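Chemist: Residue numbers (the UniProt record's numbering), protein chains in the order written: chain A, 1 to 358; chain B, 1 to 358; chain C, 1 to 358; chain D, 1 to 358. Dropping a structure here in structure tokens format, bear with me for questions.
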């Protein structure tokens, strides 16, 4: 088993890391770290556990470490606030850790892969350039914004038609705002038509994810995205309503076939967190729905539905992913699996490097 | 006081009619009619009252009439199911009633005005052609679909810039589904990304509303709309996320000014149900919000916010109207007021025609 | 595998039966039956599937049978409406089926066991008297009302202290109202302080469940219950706030120990649907909570918390069970398991009796 | 007009004060004060306005004062945190202000009236003793906990039957937790069966409110209360499920009559904030309901329903009050009105005492 340290372990994404890693075939949570007020306490006491499955016993007894600790675990899952991640994640990669980050701080950096392995697993090769340029013995890879996921997964199989323009309106779940996150008084019987910083992320990240890997960098997809992001009173599951214009407008049938024929990237196919189907097209007239479809593929699948013609662009559809599983912790775990499977754990210069040889 | 008959009086829109007419300066509910199972019972017993203000005493004691009754009231507010309205509303107009309908059955008929008086009050003149062609002594005017309202009101002041393309994604309240309407089990912690027949209405109705009146007909606005309609767990208030492309792309400032300078149509300006401001631009970063803005102008105002550039079309914004007030009963009352104010109640050949002379 | 017919298969409880039996070690759903409008259609078409896991493939293709069909399956799970169950369930037991019912129709009949096997598995012996008196070759056993479960499970270990008076206030989930069940407009941002027929059930059923088996009948617990039942905007999980007065008032510590020492009835201990812990005492200051605790023990555990002194009676606490799993389909499956385990499937005179020999 | 200072003006109760005082016939908000981070800013900027009616224009422009300012207004409405109120409210009363507090800090102090004027307006006379003992030229009166209101109002007319024991289970709205208050992630699809410090308040406050005034103090009602308090996903309106045991058990009819005959205390009858009916008995089988009944009497009425026999105590019923109107700001305004009407504003030694002469 490869030991993992979870950073930002008491927050909502940190808790998801711990939940999802409980029975992981490769990884074992060996260290937890969090901000000052939790340091030195047992995880069970420091953490206000919010999930519906019980806190795993072995983790409950771990002592929370400070964020600047020397970590023994070769693999680090980071759910750090962006401002902390900015300097700490590179530092950890330099010290030899494989850092799989769920934070926005480094997503758009030129030599940092922004990975949705089912789509762009080959981008992980950017780590070689990263190591060369930055002198890392470890690595830093990033997971996208949670709303980016259903957009990027739905668009990936449509690249052959020449994606030109994309309109996205999101209906995002409250769990995406962290904890305590959005106040109940604000979202109850209400819509919040604004989420700070979100639209910018959704407009840029899919282009990098869907981009092409050259030797040293990613050439982003040449398309234009416009995003309008809304918070809705739903617990989990981000829904996106998408319209697309193509260079070579395909028939609806061709699009449906592209989705149904979609196979995850070969490099990703045996990763333990990859679900049987990463992209599900549901023919139901009123699907996808967050409560019914967010847990598809153990929360790792993207569900699409309602494909039809658009009067303004070419086609429109609805897509949905679980925002704290596929869109956060589950995604970062998948990224770490890819790093391991691609051999990036070799030669880690860490105190506990012996654990790192998968 | 002008007597009014409410048809479909026990449903959610029927109840709103009765609530909103309780203290109306011109109208008095004198008759209520509903489907067979309610006929002959006191309104208080036939109706499962759903509103948070008490059922008005005088109405509680009215006996529910059958839909095919001879009505004495010169003005009829119709919240009938579409299939019933199809033949009954023309029949009532023929018999001499001023029928203000909230039903979709006749909205797109060539000689039936589809009125949002603050925008297109002059369309009421179509009634003259209607009377001539159809031989009505009464009249039939219609209120739009509830989701059409915020779209049409927001776009109306922007017509000078040449509206070309409009993308609409709606987040619609559960009260729009009637009663019992959407099951709690379906909408709880959920989004329903489909509302039967809704997208077609939202794609067509604004074009007629924003169209130009010629002698005998309306020339629709030449623009293209695409709508994606979603049900969300909000009680009242339909939110629309809108992107627009113009012939002559205006600055954001010019659009904001157009909204702020907007004045309701002169023919509508003294109607009792018209609010002080029919269009409110809220500068707040996260407005409009249904719970905070749906009751603006006693539920008769449309609130707009978040105007900004769109990467795909030209600009995007969010708009909101109360779906069962401005978007249904309140709108139909406003339409009836316009008919009265424009003198269409003259010469009504009705048993109670003396009440009809406003 | 023992074949099972599910009656009322398209409703919410019927769907739960099918979901929970998907991977059952003993049972296999072989027949589904429902009311007239579903008969003859494939289950996938007849059923508006409401659960978050996909409809099991083999069931999707079953043709829905009429309720008065000849069933081959020796075991019948009934989620019938009470008025249908009244005559049909006895008829099926007479024909030789083991009928495990979730309906209220026969719960209080003298020779029909009302089973929560973790508590009163020995009541299943009443089936011998039932067969003798009624001439059944099959059997009829019943599952309690969903709100009864947390009350009965929490009280069972406290019987040694002499339960005298019990006050119950329930906060019940919307899934308990079936489908379409409670209208979203009624329960949204609201409490419904009345559920038809519910309080009577909660006041009587626990007394029979907690009663003593004599040769031919159950002597109910001699205690007094008072129930106030409320519908709240929660999806799944019924919460009960309970106050109890005892003959011999125990210390809080003694009660906590009684709960912690509680072992399921010996006859129930190896049943496949029995969870590891049937009764969990959660020490958290604010537990149990429906969203966090309803799925404990795969939805089959009852979670208790907040034990403290009551100024009026002796003690008070909060208890919670999943209403459509432990409180309905899961409970009826457990009852059927008990029937099989206790040998009541022997000598079934059925066309498919060969399947019935467990 | 009498000038009023609102303390804690930016919080949820502070905002309600400002909303409810907008068109008050006697009072005018002249000063607003809040904690350090708001001091010196315009109220419009310091306050995240949460109510559905617009912030009153004149208040928006007031500069927020520090809590330790010299206030000119003779009347002070306090929505302070308890720990601040502890010393500041007495200090202000000493300086000559009439302090109407919504805080728990002084509610149970021997010489501080805990007022629900419709019930116990005569308790205001305790202010004379208070002034004598404490040397106040002003006065300090308090408003009860929000959950206390429906309990106390429902019980008040039943005192003649000899109230002995009362069981209360509350279902409390999220607005009662302040802002940001309960996190959406905690209360969404959930019940929180614990509210810190609440049960103690509900068990004690009604006894003082329903107590008898002697010369210098209140003799509490001799009865026993037990409370179980729960947070539910409802925006506004606290529901209480109540069981009562009496010395002289009345018929249900006698109780209903006592409620229907109930008249507000003579000293309270002409206060502007007193609604037409302070206690409404709703005969509906499923009433009161928070969304339908919380705004009765402009949010100042208590609605009761479901009176029936209790198997354990004598009778049970359900009662409901608006928690931030009747149960907080509206109540404190009513208390201030009583102080004015009873002449306690005479001879105020304040810089602005000329405003204080009503």
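We treat Cβ as the ideally placed atom computed from N, Cα and C, and that holds for glycine. Only a predicted model underlies this, so the values are computations on that prediction, with no experimental measurement involved.
Taking the C-alpha atoms as reference points, what is the distance between residue 308 of chain A and residue 200 of chain B?
Modeler: If you take the alpha carbons of residue 308 of chain A and residue 200 of chain B, they lie about 13 angstroms apart.
Chemist: Three-state secondary structure (DSSP) at residue 218 of chain D?
Modeler: Strand.
Chemist: Buried or exposed: where does residue 11 of chain D fall if 16 or more other Cβ atoms within 10 Å of its Cβ makes it buried?
Modeler: Residue 11 of chain D comes out buried.
Chemist: How many whole angstroms separate the CB atoms of residue 234 of chain B and residue 190 of chain A, which I take to be in contact at a CB cut-off of 8 angstroms?
Modeler: About 6 angstroms separates the two Cβ atoms, so the contact holds.
Chemist: Just the Cα atoms here: how many angstroms apart are residue 119 of chain A and residue 210 of chain B?
Modeler: About 45 angstroms.
Chemist: CA-CA distance, residue 157 of chain C and residue 312 of chain C?
Modeler: Approximately 22 angstroms between the Cα atoms of the pair.
Chemist: Strictly by DSSP, which residues pair up with residue 366 of chain A?
Modeler: This structure cannot settle anything about residue 366 of chain A, because the visible part of chain A is limited to 1 through 358.
Chemist: Scan the segment 176-208 of chain B for residues whose Cβ lies nearer than 7 angstroms to a Cβ of chain A and list them as they occur along the chain.
Modeler: Residues 189, 190, 191, 192, 193, 194, 203.
Chemist: Which residue from D:204, D:246, D:268 puts its Cα closest to that of residue 310 of chain D?
Modeler: Out of D:204, D:246, D:268, D:246 has the C-alpha closest to the C-alpha of residue 310 of chain D.
Chemist: Can you tell me which of C:29, C:161, C:89 puts its alpha carbon nearest to the alpha carbon of residue 250 of chain C?
Modeler: Residue 250 of chain C has its Cα closest to that of C:161, out of C:29, C:161, C:89.
Chemist: I'd like the ranges of any beta strand (DSSP E) spanning at least 3 consecutive residues and lying wholly in the UniProt domain "Semialdehyde dehydrogenase NAD-binding" (3-127) of chain C.
Modeler: Complete beta strand (DSSP E) runs here, min 3: 27-34, 75-78, 98-101.
Chemist: Along the beta strand (DSSP E) that carries residue 255 of chain C, what are the first and last residues, could you check?
Modeler: Residue 255 of chain C -> not in any beta strand (DSSP E); alpha helix (DSSP H) instead, spanning 252-261.
Chemist: Does the segment 126-144 of chain B come into contact with the segment 97-111 of chain B, if we say contact requires no fewer than three beta-carbon pairs (one atom in each stretch) closer than 8 angstroms?
Modeler: Short answer: they touch.
Chemist: Hey, could you find the ends of the beta strand (DSSP E) residue 280 of chain D is sitting in?
Modeler: First-last of the beta strand (DSSP E) with residue 280 of chain D: 279-281.
Chemist: Below 8 angstroms on the Cβ atoms is my contact criterion, and I expect residue 232 of chain D with residue 172 of chain D to pass it. Report the Cβ-Cβ distance as a whole number of Å.
Modeler: Rounded, the Cβ-Cβ distance is 7 angstroms, consistent with contact.
Chemist: Mind checking residue 87 of chain C: buried by the 16 CB within 10 Å criterion, or exposed?
Modeler: The residue in question, residue 87 of chain C, is exposed, as its Cβ has fewer than 16 Cβ neighbours within 10 Å.
Chemist: In or out: residue 148 of chain D buried (at least 16 other Cβ within 10 Å) or exposed?
Modeler: So residue 148 of chain D ends up on the buried side.
Chemist: Please list, in chain order, the residues of the segment 146-168 of chain C that have any C-beta partner in chain D closer than 8 angstroms.
Modeler: Answer set for the segment 146-168 of chain C: 165, 166, 167.
Chemist: In three-state DSSP terms, what is residue 304 of chain C?
Modeler: In the structure shown, residue 304 of chain C sits in a strand (DSSP, three-state: E or B).
Chemist: Taking the beta carbon of residue 19 of chain C as the centre, do at least 16 other beta carbons fall within 10 Å, making it buried, or is it exposed?
Modeler: With 16 or more Cβ atoms within 10 Å of its Cβ, residue 19 of chain C is classed as buried.
Chemist: Measure from the alpha carbon of residue 202 of chain A to the alpha carbon of each residue in A:27, A:327, A:65, then state which is nearest.
Modeler: Considering only alpha carbons, the answer is A:327.
Chemist: Suppose the cutoff is 8 angstroms on Cβ atoms and the five residues either side in sequence are ignored; what does the same chain contact list for residue 122 of chain B look like?
Modeler: Same-chain partners within the cutoff: 213, 265, 267.
Chemist: For the putative contact between residue 31 of chain A and residue 73 of chain A, defined by C-beta atoms under 8 angstroms, what is the C-beta separation to the nearest angstrom?
Modeler: Right, their Cβ atoms sit about 5 angstroms apart.
Chemist: Please decide whether residue 52 of chain C counts as near chain A, where near means a Cβ-Cβ distance under 8 angstroms.
Modeler: So yes, residue 52 of chain C belongs to the interface.
Chemist: Say whether chain D places a C-beta atom closer than 8 angstroms to the C-beta of residue 323 of chain C.
Modeler: Answer no: the Cβ-Cβ gap between residue 323 of chain C and chain D never drops below 8 angstroms.
Chemist: At which residues does the beta strand (DSSP E) containing residue 224 of chain B begin and terminate?
Modeler: Unbroken beta strand (DSSP E) run through residue 224 of chain B: 224-231.
Chemist: Using a Cβ cut-off of 9 angstroms, which residues of the segment 270-290 of chain D contact any Cβ in chain C, in chain order?
Modeler: Going along the segment 270-290 of chain D in chain order, one finds 284, 285, 286, 287, 288, 289, 290 with a Cβ nearer than 9 angstroms to chain C.
Chemist: Please work out which residues of its chain come closer than 6 angstroms, Cβ to Cβ, to residue 14 of chain D, disregarding the five sequence neighbours upstream and downstream, and give them in chain order.
Modeler: Same-chain partners within the cutoff: 6, 8, 79.
Chemist: Spatial neighbours of residue 381 of chain D within its chain, please: C-beta separation below 8 angstroms, excluding the five flanking residues on both sides.
Modeler: Outside the shown range of chain D, which is 1 to 358, sits residue 381 of chain D, and nothing can be said about it.
Chemist: Quick one: is residue 353 of chain C near chain D, going by C-beta distance under 8 angstroms?
Modeler: Any reading at residue 353 of chain C is ruled out, since the residue's pLDDT is 41, under 50, leaving its predicted position unreliable.
Chemist: Find the residues of chain D that neighbour residue 295 of chain B, judging by a C-beta separation of less than 8 angstroms, and give them in chain order.
Modeler: Those within 8 angstroms of residue 295 of chain B in chain D are 52, 53.
Chemist: Residues of chain D with CB closer than 7 angstroms to the CB of residue 235 of chain A, please, in chain order.
Modeler: Near residue 235 of chain A (Cβ distances below 7 angstroms), the residues of chain D are 188, 189.
Chemist: DSSP three-state call for residue 358 of chain D: helix, strand or coil?
Modeler: Model confidence at residue 358 of chain D stands at a pLDDT of 36, short of 50, so the residue's coordinates are unreliable; what they give is reported in the following sentence. Here residue 358 of chain D sits in coil by DSSP.
Chemist: With H, G and I counted as helix, E and B as strand and the rest as coil, what does DSSP make of residue 172 of chain B?
Modeler: Correct three-state label for residue 172 of chain B: strand.
Chemist: Please work out which residues of its chain come closer than 6 angstroms, Cβ to Cβ, to residue 336 of chain D, disregarding the five sequence neighbours upstream and downstream, and give them in chain order.
Modeler: Correct list, in chain order: 75, 100.
Chemist: Do residue 229 of chain A and residue 198 of chain A have their beta-carbon atoms positioned less than 8 angstroms apart in this structure?
Modeler: Yes, these two residues count as a Cβ contact at 8 angstroms.
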